[in-house]
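With the numbering used here applied, the sequence shown covers 13 to 351. Even glycine gets a Cβ: it sits at the ideal position worked out from N, Cα and C. As the structure is a computational prediction, the values presented were derived from the model and not from experiment. Everything below concerns the one structure shown next.
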Amino acid sequence: MKKGVLLVNLGTPDSPETKDVRRYLDEFLMDERVIDINAVSRALLIKGIIVPFRGPKSAKSYKEIWTEEGSPLMVYTVKATEALKQRLGDEYHVEMAMRYQNPSIQSAMDKLRAAQVTSIQVIPLFPQYASASTGSVHQKVMEIVSKWQTIPSISFINSFYDNELVIDGFVQNGAKYNPAEYDHVLFSFHGLPQRHMLKADETKQHCLKVANCCDTITGANRFCYSAQCHATARLIAEKLNIPKEKYTLTFQSRLGRDPWMQPYTSEVVAELAKKGVKRMLVFCPAFVADCLETIFEVAVEYNEEFQALGGEHIQLVESLNDSPIWVDALEKMVREEGF
């Protein structure tokens, strides 16, 4: 009998064609944890406005990063999964899934069930906890097993924002570029609406009410995505000896008109260019695999905006992808659960 492991990344279209991108966006954005408004308004917004208009634009962007092997996020996640299988050996049955589109969590869970695993460890591949990512994976797995007659022991990884091996992985990748040679360093994380942070504060007395509320992890903000992002950036900066005045934490990929977590990456890039910053190094530590948000949004779009305003170059620091240290981190997460 084997122990089960389920790795889950966010998802990717099956192809960069508009119809597949629209299908992906529809499933992703219709998740009540992603767009957390009432069901009718969400359907009208997503199906009537966002997907029809955003689909062709996103498809064009996906075509820019698509490789012969497929979507970079899929390619790297598959490679990391295969490497983990080799590390863990015959004692474990490892499956990989995407929260949205393919391979689905349902199909992966069916395989684990068919293998009659004695336990299942679920590892959402998001370093920082957010209801819209990790929380959504947890909910989907629980919905699936709620229909099973017999349910094995199941554990969930909540976050690994301060995992030493994960931090060291980003440090190793960043060190290759010698951060001291850059005028400024950005730590750009995926953004979320401010209301998500407020809802995560169960005390209702901390988020956006306490000065510098994200600077330190406390009991009140231990599940706060923003606080965990600040912790990740601080740990990487400390190991690379990047002084506080030389780096900025920002949030990218906002959608809609509601206030999102700030400062916005696009605005900070513009401000730094206008101040005379010429060369900038950018980490994206919310992503364990390079994807549209890193390869295209940062390395292409922000770089073009930066250069148009007088900057010379934005250098993206690669994500963990399928690096040995990332596989080390995954293996340690699995084995330290004590299954």
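{"Item": "Residues bridged to Arg-291 (per DSSP)", "Value": "His-325"}
{"Item": "Assumed close pair Asp-195, Lys-256 - CB separation to whole angstroms, cut-off 8 Å", "Value": "Contact flag wrong, Cβ pair sits at about 15 Å."}
{"Item": "Nearest neighbour of Val-17, chosen from Thr-230, Phe-235, Thr-130, Tyr-141 [CA to CA]", "Value": "Thr-130"}
{"Item": "Helix, strand or coil at His-218 [DSSP, three-state]", "Value": "coil"}
{"Item": "Ile-179 vs Lys-152 beta-carbon contact at 8 Å", "Value": "no"}
{"Item": "Host beta strand (DSSP E) of Leu-267 (start-end)", "Value": "Leu-267 -> no beta strand (DSSP E), and no H or E assigned at all."}
{"Item": "Alpha helix (DSSP H) runs wholly inside the stretch 86-164, at least 4 long, in chain order", "Value": "117-126, 148-157"}
{"Item": "C-alpha gap between Val-52 and Asp-43, whole angstroms", "Value": "13 Å"}
{"Item": "Nearest candidate by alpha-carbon position, reference Val-197, set Thr-277, Pro-139, Val-63, Arg-266", "Value": "Thr-277"}
{"Item": "Presumed contact (8 Å Cβ cut-off) between Leu-321 and Lys-287, rounded CB distance", "Value": "Contact doesn't hold; Cβ gap of about 10 Å is too wide."}
{"Item": "Per DSSP, the bridge partner or partners of Asn-253", "Value": "In DSSP, Asn-253 forms no bridge with anything."}
{"Item": "Own chain partners of Thr-93 with C-beta closer than 7 Å, once the 5 adjacent residues on each side are dropped", "Value": "Leu-19, Val-106, Met-108"}
{"Item": "Proximity test, Ile-77 beta-carbon vs the ligand ZN heavy atom, cut-off 7 Å", "Value": "Looking at this structure, you won't find the ligand ZN or any other ligand, since it has none at all."}
{"Item": "Residue environment, Glu-316, which counts as buried when at least 16 other CB atoms sit within 10 Å", "Value": "exposed"}
{"Item": "Beta-carbon proximity list for Ala-245, same chain, < 6 Å, skipping 5 on both sides", "Value": "Phe-199, Leu-261"}
{"Item": "Through-space distance from Arg-234 to Asp-174, alpha-carbon basis", "Value": "12 Å"}
{"Item": "Lys-15 - containing beta strand (DSSP E), residue span", "Value": "15-23"}
{"Item": "N- and C-terminal bounds of the beta strand (DSSP E) containing Ser-200", "Value": "196-202"}
{"Item": "Whether Tyr-237 touches Tyr-141 by CB criterion (8 Å)", "Value": "yes"}
{"Item": "Where Gly-101 falls, given that 16 or more other Cβ within 10 Å makes a residue buried", "Value": "exposed"}
{"Item": "Separation of Pro-336 from Leu-177, as counted between CA atoms", "Value": "10 Å"}
{"Item": "Exposure of Arg-34, with buried meaning 16 or more beta-carbon neighbours within 10 Å", "Value": "buried"}
{"Item": "Range of the contiguous alpha helix (DSSP H) that encloses Lys-188", "Value": "Taken as a continuous stretch (DSSP letters only), Lys-188 belongs to no alpha helix (DSSP H), as it is neither H nor E."}
{"Item": "Coarse secondary structure for Tyr-173, derived from DSSP in three states", "Value": "coil"}
{"Item": "Per DSSP, the bridge partner or partners of Gly-82", "Value": "Thr-79"}
{"Item": "Environment of Ala-192 [buried if 16+ CB atoms lie within 10 Å]", "Value": "exposed"}
{"Item": "Those residues which DSSP pairs with Leu-57 across a bridge", "Value": "Answer by DSSP bridge pairing: none, since Leu-57 is not bridged."}
{"Item": "C-alpha distance - Ala-384 paired with Val-46, whole-angstrom precision", "Value": "The shown model of the chain, from 13 to 351, leaves out residue 384, and the question about it has no answer."}
{"Item": "Cut-off 7 Å between Cβ atoms - residues of its own chain near Leu-204, not counting five sequence neighbours on either side", "Value": "Ala-142, Ala-144, Tyr-237, Trp-272, Met-273"}
{"Item": "Stretch-stretch touch, CB-based, cutoff 8 Å, three pairs: the stretch 297-314 with the stretch 82-89", "Value": "yes"}
{"Item": "Phe-351 in three-state terms, based on DSSP", "Value": "Only weak support exists for where Phe-351 lies, its pLDDT of 36 falling under 50; the value from the coordinates is given anyway. It is coil, neither helix nor strand."}
{"Item": "DSSP beta-bridge partners of Tyr-314", "Value": "DSSP output for Tyr-314 lists no bridge partner at all."}
{"Item": "Cα-Cα separation between Lys-15 and Pro-25, rounded to whole angstroms", "Value": "30 Å"}
{"Item": "First through last residue of the alpha helix (DSSP H) which encompasses Glu-39", "Value": "30-41"}
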